[in-house]
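In what follows, a structure is listed as structure tokens, so that the remarks can point back to it.
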Amino acid sequence: MGLSRSTPICVKCKVLMKCHKNAQFVRDPAIGAFPSTYWSGDVWKCPGCSCKVITGFGSKIVSENDPIDVLEFEWNFKGSNGNEGE
466 MGLSRSTPIC VKCKVLMKCH KNAQFVRDPA IGAFPSTYWS GDVWKCPGCS CKVITGFGSK
526 IVSENDPIDV LEFEWNFKGS NGNEGE
């Protein structure tokens, strides 16, 4: 596997991440007048530290029924250390 436009790199380990799972559904929560929506992306995992990211959102899923295996999240613009993504 070589570097491509969509291959994430682990900053900590300085290695290419590997695709761990395709078609992970993510629920984008409702905010104000905007309804919640579902998106499909790919889970990438670092072979060194096991850090995971989801990227490659391309398909918006609109359905009355919840898709199987949905990752729920709330918007948080700060990193895990409160450093706004640094």
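The numbering used here puts the first residue of the sequence shown at 466, with every later residue one more than the last.
C-beta atoms are modelled at their ideal positions from N, C-alpha and C, and glycine is treated no differently.
- Task: Mark F490 as exposed unless 16 or more other C-beta atoms lie within 10 angstroms of its C-beta, in which case mark it buried.
- Result: With 16 or more neighbouring CB atoms inside 10 Å of its own CB, F490 falls in the buried class.
- Message: Measuring straight from C-alpha to C-alpha, what distance separates G550 and K486?
- Response: Model confidence at G550 stands at a pLDDT of 49, short of 50, so the residue's coordinates are unreliable and nothing is read from them.
- Message: I want to know whether the segment 512-525 touches the segment 472-487 - three or more CB-CB distances under 8 Å.
- Response: With a cut-off of 8 Å, the segment 472-487 and the segment 512-525 count as touching, because enough Cβ pairs lie within range.
- Taking DSSP as the reference, what is the three-state secondary structure of L478? The question names Leu, but residue 478 is Cys in the sequence shown. C478: coil per DSSP, three-state reduction.
- Query: Between the C-alpha atoms of I474 and V508, what's the straight-line distance to the nearest angstrom?
  - Reply: Taking the straight line joining both Cα atoms gives about 13 Å.
- Message: S501 and D493 - do their beta-carbons sit closer together than 9 Å?
- Response: For D493 and S501, yes; Cβs fall inside 9 Å.
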